[in-house]
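Structure, as structure tokens:
2 protein chains.
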Amino acid sequence: MGFSFFASRAAARFLEDIRRPAGVSTAALLLTAASGGGIVAYADSSRAEEAPEPPPRKKKVVVLGTGWAGTSFLKNLDSSRYEVKVISPRNYFAFTPLLPSVTCGTVEARSVVEPIRRMFEKKGKDVAYYEAECLKIDPTKKAVHCRSAVGTNLDGNGDFMLDYDYLVVALGAAVNTFNTPGVMEHCHFLKEVEDAQKIRKSVIDCFERASIPNISEEEKRKILHFVIIGGGPTGVEFAAELHDFLVEDLVKLYPAIEQFVKITIIQSGEHILNTFDQRIAVFAESKFQRDGIELSTGFRVIKVSDDSITVKCKSSGVETLVPYGMAIWSAGIGTRPVITDFMNQVGRANDVPWQLMNG
Amino acid sequence: MGFSFFASRAAARFLEDIRRPAGVSTAALLLTAASGGGIVAYADSSRAEEAPEPPPRKKKVVVLGTGWAGTSFLKNLDSSRYEVKVISPRNYFAFTPLLPSVTCGTVEARSVVEPIRRMFEKKGKDVAYYEAECLKIDPTKKAVHCRSAVGTNLDGNGDFMLDYDYLVVALGAAVNTFNTPGVMEHCHFLKEVEDAQKIRKSVIDCFERASIPNISEEEKRKILHFVIIGGGPTGVEFAAELHDFLVEDLVKLYPAIEQFVKITIIQSGEHILNTFDQRIAVFAESKFQRDGIELSTGFRVIKVSDDSITVKCKSSGVETLVPYGMAIWSAGIGTRPVITDFMNQVGRANDVPWQLMNG
Numbered sequence: 169m170g171f172s173f174f175a176s177r178a179a180a181r182f183l184e185d186i187r188r189p190a191g192v193s194t195a196a197l198l199l200t201a202a203s204g205g206g207i208v209a210y211a212d213s214s215r216a217e218e219a220p221e222p223p224p225r226k227k228k229v230v231v232l233g234t235g236w237a238g239t240s241f242l243k244n245l246d247s248s249r250y251e252v253k254v255i256s257p258r259n260y261f262a263f264t265p266l267l268p269s270v271t272c273g274t275v276e277a278r279s280v281v282e283p284i285r286r287m288f289e290k291k292g293k294d295v296a297y298y299e300a301e302c303l304k305i306d307p308t309k310k311a312v313h314c315r316s317a318v319g320t321n322l323d324g325n326g327d328f329m330l331d332y333d334y335l336v337v338a339l340g341a342a343v344n345t346f347n348t349p350g351v352m353e354h355c356h357f358l359k360e361v362e363d364a365q366k367i368r369k370s371v372i373d374c375f376e377r378a379s380i381p382n383i384s385e386e387e388k389r390k391i392l393h394f395v396i397i398g399g400g401p402t403g404v405e406f407a408a409e410l411h412d413f414l415v416e417d418l419v420k421l422y423p424a425i426e427q428f429v430k431i432t433i434i435q436s437g438e439h440i441l442n443t444f445d446q447r448i449a450v451f452a453e454s455k456f457q458r459d460g461i462e463l464s465t466g467f468r469v470i471k472v473s474d475d476s477i478t479v480k481c482k483s484s485g486v487e488t489l490v491p492y493g494m495a496i497w498s499a500g501i502g503t504r505p506v507i508t509d510f511m512n513q514v515g516r517a518n519d520v521p522w523q524l525m526n527g
Numbered sequence: 169m170g171f172s173f174f175a176s177r178a179a180a181r182f183l184e185d186i187r188r189p190a191g192v193s194t195a196a197l198l199l200t201a202a203s204g205g206g207i208v209a210y211a212d213s214s215r216a217e218e219a220p221e222p223p224p225r226k227k228k229v230v231v232l233g234t235g236w237a238g239t240s241f242l243k244n245l246d247s248s249r250y251e252v253k254v255i256s257p258r259n260y261f262a263f264t265p266l267l268p269s270v271t272c273g274t275v276e277a278r279s280v281v282e283p284i285r286r287m288f289e290k291k292g293k294d295v296a297y298y299e300a301e302c303l304k305i306d307p308t309k310k311a312v313h314c315r316s317a318v319g320t321n322l323d324g325n326g327d328f329m330l331d332y333d334y335l336v337v338a339l340g341a342a343v344n345t346f347n348t349p350g351v352m353e354h355c356h357f358l359k360e361v362e363d364a365q366k367i368r369k370s371v372i373d374c375f376e377r378a379s380i381p382n383i384s385e386e387e388k389r390k391i392l393h394f395v396i397i398g399g400g401p402t403g404v405e406f407a408a409e410l411h412d413f414l415v416e417d418l419v420k421l422y423p424a425i426e427q428f429v430k431i432t433i434i435q436s437g438e439h440i441l442n443t444f445d446q447r448i449a450v451f452a453e454s455k456f457q458r459d460g461i462e463l464s465t466g467f468r469v470i471k472v473s474d475d476s477i478t479v480k481c482k483s484s485g486v487e488t489l490v491p492y493g494m495a496i497w498s499a500g501i502g503t504r505p506v507i508t509d510f511m512n513q514v515g516r517a518n519d520v521p522w523q524l525m526n527g
């Protein structure tokens, strides 16, 4: 996986830096944006405060995120030498490549997650974990502003700050809708375990909705049209899982509406899986055609409403309405606002050297 | 189980009735309220419309509910002889005695449910199922008003009516808070699979909340105080499961806050499990005392706020505030409004003979 590779490089670089003799100040910020969203960074802006005698206390390492990058980094860190604090709104690591299988019940959600505290306990790591979200990174004060993800109703003390000597930013990527209207409101995503569980429920809901009395054939066709926007690995894997789920399980339970079921992949490029070797794309496309999965390549999604998707043919410019029952957006990822904000600060302040590694 | 026993009696009676020669009108309404909530009823008000020649069409049987009573009834019904329609907002049967184990992850939610359509498919039943809620029973028109439980946004056609010759009402019971203020808003219940999943999440959330920085010891004690209101079988089984979950799993993952964890059962009677043989109650009480589970017997809950429960000592009349982190209400069940409404109608109209069997 690209993730762990980059995370490990970041970790190695970090360890190399902090093993320098005391007093030799380190001042580095490393940002790794792996494809798929792993972002690793560490910052040390202590150059200005260089002291002849280093304080005897352990250096504070704060890690933001418990995904691929964060957990890989922690695996290689000797937690006895640092005061380590981990912040993440999820108290587990999720094995994301299996999320498409969770959507269709092939794999149980519980099987793809590992509680982060259990990971620490197993490895004997002395690490403090807080279930919270990082709202803001303050590189000047060397502190992160956090908010508890588990309720702030207790005397309003859900907010807290943690200061750091080293900061590892491994927050992953956010969904990027490219500001396409309606996507955030009406589409499912497939980045988190909860997303996969919601998709599973939504697929079954579509079958139940289409089974209610007084539904016209046209409506049944609409409700049972599953649309995947984006023909990258996530969308393609989901399409394949969904196809098997429909063919092997659901049509047996809903035989009366089998004929109305359809899966479509909308892809703006000319081929699905276009970042892979063309033979893979050709194989997947012919397999999907045999399975009856429709490929709408060369179409760009320009709007999503509650029951239809407006697509534009890239060659002809003609716009068409695609009625749908459930839609998944797997067409883009982007940078989280807290990271954008942090990078702007670092760029503006210009007092912290930084380096961007884009995998 | 009381449920299946009563359901089977209802089914037997039903089958006996409908096996009478055609033309001999049946007019019976049977209501079985088994302890725990199974309600089975069937109604046939066709006496007034007696016809010399019965229509050749199959008689319509509508079953409301897919719990113990509804599924037991369906198991014994020859679906080839009737036009059978089943209405329930849950498209699965849940093995409710295992719900306390689901709250603590001992048993996976998926293991205690069976999709109702799969049950029909396995048994070769020709039965139509609609995922919907019954809003109103109209015994005069012999029809049920239903609303789709899977979204009504499709041209507002979520509502529909089904007419019946025989109606089986197996809706189960609702939670009864005895109008205690705050219970509905702040307490968890343990009647549905979703309840069990929410409880599991809530227990872990309490541990995460108590681990956030800047929480006083008093607050930690409050957050980690798990209160069970009602010392019947559900409450007692949940207390035992929760105790094992805390002792065997959670304290290993949250060693720093182990000392603040407490479980309390509030019971208005003098003993827990007071519907059982006293030796069982004594055994459970002494086991709980050894385990450090506090029993507050002889206390009535009079109010629940977001962080404390007001209890009144039944002997002294003194009121006390009990701070808590999570509370479960397992102190009472009652009749669903749609059933109350139906029984009132039947009582008022007085044109349908009815019989109430209370197990």
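Chain order of the listed sequences is A and B. Heads up: the first sequence begins at 169 in the numbering used here, then just goes up one per residue. Heads up: the second sequence begins at 169 in the numbering used here, then just goes up one per residue. All C-beta atoms in this analysis are idealised placements derived from N, C-alpha and C, irrespective of residue type, glycine included. Model, not experiment: these values are computed from the prediction.
Taking every protein chain shown into account, the CB of B:R285 has 16 or more other CB atoms within 10 angstroms, so this residue is buried. The residues K228, V230, K310, in chain order, have a CB closer than 6 Å to that of B:Y332 in the same chain once the five nearest residues on each side in sequence are set aside. Residue state for A:L392 is assigned as coil, using DSSP reduced to three classes.
Shown here, A:S240 sits in a helix according to DSSP, grouped into three states. Contact between the region 473-480 of chain A and the region 454-461 of chain A is absent: fewer than three C-beta pairs spanning the two stretches fall below 8 Å. If you compare the alpha carbons of B:A378, B:E289, B:V281, B:K390 with that of B:L418, the shortest gap goes to B:A378. DSSP places B:V254 within a strand segment (E or B) once states are collapsed to three.
The beta-carbon separation of B:V318 and B:E299, rounded to 5 Å, stays under the 8 Å limit for a contact. A:P401: not part of any beta strand (DSSP E); member of the alpha helix (DSSP H) spanning 401-413, first to last residue. Proximity of A:I380 to chain B, defined by a Cβ-Cβ separation below 8 Å, is satisfied. With 16 or more other Cβ atoms inside 10 Å of its own Cβ, B:T239 counts as buried. A contact between stretches requires three or more CB pairs, one per stretch, nearer than 8 Å, and the region 420-435 of chain B meets this requirement with the region 381-389 of chain B. The Cβ of A:S473 sits no closer than 8 Å to any Cβ of chain B. B:Q446 counts as exposed, since fewer than 16 other C-beta atoms from the protein chains shown sit within 10 angstroms of its C-beta. Straight-line spacing of the CA atoms in A:E409 and B:R368 works out to 29 Å. Around the beta carbon of B:T348, 16 or more other beta carbons sit within 10 angstroms, so the residue counts as buried. By the Cβ neighbour-count rule, B:F467 is buried, with 16 or more other Cβ atoms within 10 Å of its own. Membership of A:D475 in any alpha helix (DSSP H) is not indicated, and neither H nor E is assigned to it by DSSP.
Taking B:S269 as reference, the option from B:E360, B:T345, B:E301 with the minimal CA-CA separation is B:E360. When C-alpha distances from B:A452 are compared across B:D306, B:P401, B:I501, the shortest belongs to B:P401. Residues of chain B whose Cβ lies closer than 7 Å to the Cβ of A:K420 are, in chain order, E289.
CA-to-CA, the gap between B:V295 and B:E251 works out to about 7 Å. For B:T274, the CB contacts under 8 Å within the same chain, skipping 5 residues up- and downstream, are E409, D412, F413 in chain order.
B:K291: member of the alpha helix (DSSP H) spanning 284-291, first to last residue. For B:I305, the enclosing beta strand (DSSP E) begins and ends at 295-306. If you draw a straight line from the Cα of B:A262 to the Cα of A:V337, it comes to about 43 Å. DSSP links B:T465 through a beta bridge to B:Q435. Under a criterion of Cβ atoms nearer than 7 Å, no residue of chain B is adjacent to A:P265; the nearest Cβ is some 21 Å distant. Close to B:V318, with beta-carbon spacing below 7 Å, are these residues of chain A in chain order: D373, E376, R377. One Cα belongs to B:L421, the other to A:V351, and the distance between them is close to 39 Å. Among the bridge pairs identified by DSSP, B:P491 is matched with B:S476.
Chain-order list of chain A residues neighbouring B:E276: E276, R278, by C-beta distance under 9 Å. Distances from the CA of B:S316 to each of B:V343, B:T345, B:S256 were compared; the closest alpha carbon is that of B:S256.
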